[in-house]
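For reference, the structure discussed in these notes is given below.
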Ligand SMILES: C[S@@+](CC[C@H](N)C(=O)[O-])C[C@H]1O[C@@H](n2cnc3c(N)ncnc32)[C@H](O)[C@@H]1O
């Protein structure tokens with residue numbers, strides 16, 4: 003797919019990330035290659051090579067014009083980061099910069115944005131069921147649950163009910179149509195508030211791309227793929243993702259991993275990570291001015307120990323869980 007009309011993706015929190023993982027050396031994996039900003043930053047900071055993973059074929063296609071001079075320092079790998087331990091082992095470092103890139107968001111035909119009319123798609127991988135499939139085929143209850151759980155939208159039931167009535171007339175296949183329907187059943191946004199369709203679009207995108215499942219599995223895959231002393235750096239853009247990363251790292255660093263006092267005790271042997279700091283790193287005033295998209299970004303960094311890798315329950319790290327479907 004041609005990436006026309008797309009603004010370049012400005013890497014977020016790259017400077018503090020490189021400072022937090024310094025000295026950069028050896029073999030790294032960038033699980034969210036995108037426009038390659040992190041990969042290039044890592045190589046320029048001293049990495050010998052970077053395995054550049056992205057689930058979107060467009061990301062690798064767009065790198066062709068500039069990646070040549072890097073030779074085998076960049077190893078392109080199409081796939082999902084939840085499988086990163088299949089792409090590399092004994093790694094010196096792993097970076098994840100979650101969410102969509104500006105190129106994906108800006109291309110109307112990818113269907114991520116309510117600002118640009120396009121097919122209701124939202125698939126980062128460009129395969130599997132699309133947002134239109136979900137909106138037209140899920141039950142009303144399932145739609146309401148997705149919009150509530152992944153979009154934190156209080157009017158989820160009202161929206162789901164309207165979508166189900168609308169699709170009885172004709173399938174909902176365009177982003178503008180979905181946006182208009184959502185807008186029609188919510189109060190008008192006050193100045194400074196986000197567009198009424200923001201939360202519904204976010205929810206559908208998270209569901210279509212299984213973003214929370216990918217993050218949970220990806221964190222465990224990173225634990226398996228890093229060598230002792232290897233660094234893990236994760237940049238998130240909203241509170242649910244940050245909570246998952248924070249709880250995962252806190253639990254794996256042996257620093258009180260239970261989601262709450264009623265949650266089952268997490269089995270802990272020796273800790274798998276040490277934390278760089280308990281507090282997340284955010285953008286400084288210069289970055290905020292240069293790139294408003296960095297506003298909600300948070301960076302967390304940890305170092306792998308030599309303890310054996312294990313697994314952790316999705317609930318223990320606060321992953322929002324869809325209710326089981328009624329039989
Ligand atoms: C925010 S952008 C990354 C931008 C990149 N750091 C840069 O500086 O250009 C996120 C990218 O990660 C990809 N992505 C998101 N989730 C993924 C997953 N689970 N596996 C692989 N790639 C993923 C998206 O397709 C997108 O290209």
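Residue numbers (the working numbering): 3 to 329.
Backbone N, C-alpha and C define an ideal beta-carbon position, used for all residues, glycine too.
Everything numeric in this text was worked out from a predicted model, so none of it was measured.
**Prompt:** Taking only runs of the beta strand (DSSP E) that begin and end inside the segment 31 to 86, which ones reach a length of at least 3 residues, in chain order?
**Reply:** 51 to 56 and 76 to 80
**Asked** Mapping DSSP to helix, strand and coil, what is residue 15?
**Response** As a working mapping, residue 15 is identified with position 13 in the chain shown. Correct three-state label for residue 15: coil.
**Asked** Between the C-alpha atoms of residue 171 and residue 115, what's the straight-line distance to the nearest angstrom?
**Response** What you label residue 171 is simply residue 169 of the chain shown in a count that begins at 1. What you label residue 115 is simply residue 113 of the chain shown in a count that begins at 1. Roughly 24 Å between the two C-alpha positions.
**Request:** Would you list the residues whose beta-carbon is nearer than 5 Å to any heavy atom of ligand 1, in the order they occur in the chain?
**Result:** 11, 13, 34, 36, 37, 39, 40, 56, 57, 58, 61, 82, 83, 99, 101, 103, 126 and 216
**Message:** Whether or not the segment 298 to 306 and the segment 35 to 47 are in contact is what I'm after, with contact meaning three or more pairs of Cβ atoms, one per stretch, closer than 8 Å; do they touch?
**Reply:** no
**Asked** Taking 8 Å as the CB-CB cut-off, is residue 194 touching chain D?
**Response** You won't find chain D in this structure, because it holds only one protein chain.
**Message:** Taking its Cβ as the centre, do 16 or more other Cβ atoms sit within 10 Å of residue 300, making it buried, or is it exposed?
**Reply:** For this step, residue 300 is matched to residue 298 along the chain shown. With 16 or more other Cβ atoms within 10 Å, it is buried.
**Request:** Report the rounded CA-to-CA distance for residue 276 versus residue 223, giving the unit in angstroms.
**Result:** By 1-based counting over the chain shown, the position of residue 276 is 274. By 1-based counting over the chain shown, the position of residue 223 is 221. Straight-line Cα distance between these residues: approximately 17 Å.
**Request:** Mind reading off the beta-carbon distance from residue 28 to residue 49? Whole number of angstroms is fine, and I expect it under 8 Å.
**Result:** Along the chain shown, one-based indexing puts residue 28 at 26. Along the chain shown, one-based indexing puts residue 49 at 47. Right, the Cβ-Cβ distance comes to about 7 Å (below 8 Å), so this counts as a contact.
**Prompt:** Beta carbon of residue 238: closer than 7 Å to some heavy atom of ligand 3?
**Reply:** With respect to small molecules bound, the structure shown includes ligand 1 and not ligand 3.
**Request:** Would you check if the distance between the CB atom of residue 94 and the CB atom of residue 229 is smaller than 8 Å?
**Result:** Here the question's residue 94 lines up with position 92 in the chain shown. Here the question's residue 229 lines up with position 227 in the chain shown. Yes. Within cutoff.
**Request:** Can you grab the Cα-Cα spacing for the pair residue 215 / residue 191, in whole Å?
**Result:** Stepping through the chain shown from its first residue, residue 215 is reached at position 213. Stepping through the chain shown from its first residue, residue 191 is reached at position 189. Between residue 215 and residue 191, the C-alpha separation is close to 31 Å.
**Prompt:** CB residue 130 to CB residue 246, shorter than 8 Å?
**Reply:** Here residue 130 is taken as the residue at index 128 of the chain shown, counted from 1. Here residue 246 is taken as the residue at index 244 of the chain shown, counted from 1. The answer is no: Cβ separation not under 8 Å.
**Prompt:** Which full runs of the beta strand (DSSP E) of 3+ residues lie inside the segment 215 to 247, going along the chain?
**Reply:** 228 to 238
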